[in-house]
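2 protein chains.
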Amino acid sequence: MTLTDPTAPDAPAATAPLVPSALARGLTVPKGFGDQSLLSPRPDAIRLLGGIPDPSALPLAELRESLGEVWDAGGAAAALQYSGSHGFEGLRGWIAEREGVNPRRILITNGGMHGLSLTVQALVERGGRVAVDNPAYPLFLRTLELVGAETLPVPVEADGLDVEHLARRLAEGERIAAVYTVPDFHNPSQGTLSAAKRAALVELAERYGFVVIADDPYRELRFAGTDQGRRVFFDSDHVVHVNTFTKTLGPGLRLGWLVLPDHLVDPFLRLRNRQDSHSSTFVQTLVEHLLVSRPGWFDTTLAAARELYRHRAELLVAELEAQLPGQLEATVPEGGFFLWPCLADDAVDAAALHARASAEGIDYQQGEFFVTGPGTDSARRLRLAYGDRTDDELRTAVERLARAFG
Amino acid sequence: MTLTDPTAPDAPAATAPLVPSALARGLTVPKGFGDQSLLSPRPDAIRLLGGIPDPSALPLAELRESLGEVWDAGGAAAALQYSGSHGFEGLRGWIAEREGVNPRRILITNGGMHGLSLTVQALVERGGRVAVDNPAYPLFLRTLELVGAETLPVPVEADGLDVEHLARRLAEGERIAAVYTVPDFHNPSQGTLSAAKRAALVELAERYGFVVIADDPYRELRFAGTDQGRRVFFDSDHVVHVNTFTKTLGPGLRLGWLVLPDHLVDPFLRLRNRQDSHSSTFVQTLVEHLLVSRPGWFDTTLAAARELYRHRAELLVAELEAQLPGQLEATVPEGGFFLWPCLADDAVDAAALHARASAEGIDYQQGEFFVTGPGTDSARRLRLAYGDRTDDELRTAVERLARAFG
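Chains A and B supply the protein sequences, listed in that same order. Just so you know, the UniProt record's numbering puts 58 at position 58 of the first sequence, and the rest follows in order with no gaps. Just so you know, the UniProt record's numbering puts 397 at position 397 of the second sequence, and the rest follows in order with no gaps.
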């Protein structure tokens, strides 16, 4: 075929480059948290890096059984076909009953990160302002880049986000589209948002017209203390509750859910539908069958998991106290996967310590990776993740850390 | 805790509403294609609606075996853990060898729609202009709403997109960020883009600096005619090739891939990472094992699938000719799942015919759902999808359609 003559006077250059969109150009290369170049070069390094569940707490055998049962019952063909964007009705029903909400409000996602990115895109205007934990989970900050949002750091205290601080900023005229916090067993700072603060935060959201993004992946893993409640979140039309099976059934499934206010269900569905249609029918089939056909199984599994993580948390704190007396101020958390100890001696250089620890063969996240603004002692802290480390690994890791202290 | 006095003079209203973002507000409610209210009310309705593979052509038994083999080999724990955003190395390697490209250029996705939405967000500015097939796959048009793009309709001929038409528009000064087309067994119009047009389209993209989004889910399902080639797409840094296992291993897996130009791999990875981290480790594990551990199995499976779909396509055309002689101009396609017959008699009202057909118990997509601009006979056509319909269903469907013609 004949094309327009490229040598004609008004023809553009012979080859015009293809340029990514402003959105894509605005996405940063990971630095600090998640930067693989910071990992220990030692092949025997012990990683206390991520909020990773232990394989022994995950349903390896049960998923195989689940597939067998579904296949034997003639469910294979449906498991490989398209399904709805909202997610499986039976799975949403099981979750909704547990959460105590209408099943319509449950939207199945590809895990917690997916729930966060959907929420940011559905509710934050481009260039909008979002209040975030200080310190905060760094991957949420990267998700904010999808809408080019600015952040307003809000200090996190032992009992969670400093809601009074946020209230003052709002009273001074600050306006936000959303506040992001991890209410239970905060990542990285291990505390839990108190019931009083939950109520106050929701009241602020309703008064000022922003959304509370409650990122709650660890909430089922409480092994001490008192549950501070979620009803206040579910009762508000200004809260999106982000949850996932990642920490309880396995990150590799990529299966989670949102509890949405009723008025946001349709907008979220339309957005999700345009991204990737729906979560895997195959995965939903196996997980729905696992949960629905084995009444009580999930709670039995959780009970064992909590006991495992309680043991590891206590062991890690005990080893730190025994091997590094007076060097790190550590408290056993009430749940979750993280310890957030503080360097007791101001003379210790946190970055130099991390470099020496890496050389000794222990990897952890430096506190400075989580800083979102001034006024925090995070740079003097370490995030130690113990979820997927055995007793021996935890002991050896602390021995190596002690050598790094010198 | 004490909050700021809400009765203070500058306090906002007692309850401020939560408003979805402009992006979310810009997403339309499905009309026409995908509108459930248009479906036949008859419980025994036969649906010739979607590009759906037949269960008998999908690896139901093999996936169960694959899980058993992986689990027996001790791979269960890894299958439930996090994995990289790029996708499994072994799976990418298998795909890359088949495509004849460097494995780095393969990005694993949650299926074809996911690949399309990633591409649109990574390469089209907000409000940008995208040339699209006329007629076009309606769900791609909905994906364009993610960036509020405008469309430039380009006619589709028997041998695919009218590239000369596009060249003229570009020469006249029209500028676009992308062109979207389905090169093999076009959805809905069943044709295949000729080799000469592929080369000309890529040349235009390189000259004018836009991307060719080659959406190719049906390409493995050729059962007649001659392959028009993909090398020209893979050799250009102005083409994103979107593919998926949806039509060959099952939509329910939600597993696909992009073949990206090398310079776009990092931007796409950063975008994908922020959406939902990575595709299911569990699904990737089973599919990678299935493909890698059974050399030749995929091609054997495809050969049987092609034979099945060829048979159904031929049967459907034969039934139309036998039961509706002279009423519908139909041609057996060379592959894929769609027949795009045209009403021969101008006196037949296409919308009224569809209503009568629905009442008779046959569902199909009206041609008008696919129209993106003037100058097409699409409104006089029917999209009949035969992939998942048995011989008996196809015969009965045509009987019902014949009754609708009256």
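Beta carbons are placed, not taken as given, at the ideal position from N, Cα and C, and that holds for glycine. Just so you know, these numbers come straight off a predicted model, no measurement behind them.
Backbone secondary structure at residue i - three-state DSSP
i, result
"residue 297 of chain A", "helix"
"residue 114 of chain A", "helix"
"residue 233 of chain B", "helix"
"residue 241 of chain B", "strand"
"residue 59 of chain B", "coil"
"residue 376 of chain A", "coil"
"residue 180 of chain A", "strand"
"residue 42 of chain B", "coil"
"residue 381 of chain B", "strand"
"residue 215 of chain B", "strand"
"residue 442 of chain B", "Residue 442 of chain B lies beyond the range of chain B shown here (1 to 406); nothing can be said about it."
"residue 109 of chain A", "strand"
"residue 120 of chain B", "helix"
"residue 368 of chain B", "helix"
Between the CA atoms of residue j and residue i - distance to the nearest angstrom
i, j, result
"residue 239 of chain A", "residue 233 of chain A", "6 Å"
"residue 9 of chain B", "residue 269 of chain A", "Note on residue 9 of chain B: pLDDT 48, under 50, position unreliable in the model; no value is reported."
"residue 376 of chain A", "residue 260 of chain A", "32 Å"
"residue 74 of chain B", "residue 65 of chain A", "16 Å"
"residue 6 of chain B", "residue 121 of chain A", "Annotation note: pLDDT 46 at residue 6 of chain B (below 50); position unreliable, no value reported."
"residue 246 of chain A", "residue 198 of chain B", "44 Å"
"residue 402 of chain B", "residue 51 of chain B", "23 Å"
"residue 145 of chain A", "residue 125 of chain B", "15 Å"
"residue 343 of chain A", "residue 381 of chain A", "6 Å"
"residue 21 of chain A", "residue 123 of chain B", "5 Å"
"residue 332 of chain B", "residue 314 of chain B", "6 Å"
"residue 34 of chain A", "residue 365 of chain A", "9 Å"
CB contact check: residue i to chain A, cutoff 9 Å
i, result
"residue 146 of chain B", "yes"
"residue 21 of chain B", "yes"
"residue 15 of chain B", "yes"
"residue 423 of chain B", "The question about residue 423 of chain B has no answer, for chain B in this structure spans 1 to 406."
"residue 82 of chain B", "yes"
"residue 186 of chain B", "no"
"residue 276 of chain B", "yes"
"residue 125 of chain B", "yes"
"residue 46 of chain B", "no"
"residue 228 of chain B", "no"
"residue 340 of chain B", "no"
"residue 117 of chain B", "yes"
"residue 366 of chain B", "no"
"residue 86 of chain B", "no"
"residue 391 of chain B", "no"
"residue 372 of chain B", "no"
"residue 142 of chain B", "yes"
"residue 407 of chain B", "Limits of chain B in this structure are 1 at one end and 406 at the other, which puts residue 407 of chain B out of reach."
Cβ neighbour criterion (16 or more within 10 Å) applied to residue i
i, result
"residue 325 of chain B", "exposed"
"residue 174 of chain A", "exposed"
"residue 41 of chain A", "exposed"
"residue 398 of chain B", "buried"
"residue 92 of chain B", "buried"
"residue 300 of chain B", "exposed"
"residue 36 of chain A", "exposed"
"residue 280 of chain A", "buried"
"residue 85 of chain A", "buried"
Proximity test, Cβ basis, 9 Å: residue i and chain B
i, result
"residue 206 of chain A", "yes"
"residue 252 of chain A", "yes"
"residue 18 of chain A", "yes"
"residue 27 of chain A", "yes"
"residue 311 of chain A", "no"
"residue 122 of chain A", "yes"
"residue 50 of chain A", "yes"
"residue 79 of chain A", "yes"
Chain A residues whose Cβ lies nearer than 8 Å to that of residue i
i, result
"residue 105 of chain B", "Under the 8 Å cutoff, chain A gives no residues; its nearest Cβ is about 14 Å from residue 105 of chain B."
"residue 270 of chain B", "24, 27, 28 and 29"
"residue 237 of chain B", "18"
Chain A residues whose Cβ lies nearer than 7 Å to that of residue i
i, result
"residue 301 of chain B", "Chain A residues near residue 301 of chain B: none, gap ~13 Å exceeds 7 Å."
Partner residues on chain B for residue i, Cβ-Cβ distance less than 7 Å
i, result
"residue 111 of chain A", "276 and 277"
"residue 282 of chain A", "252, 253 and 283"
Beta-carbon neighbours of residue i, restricted to chain B and to distances below 9 Å
i, result
"residue 264 of chain A", "18, 20 and 24"
"residue 76 of chain A", "55, 58, 60, 61, 63 and 64"
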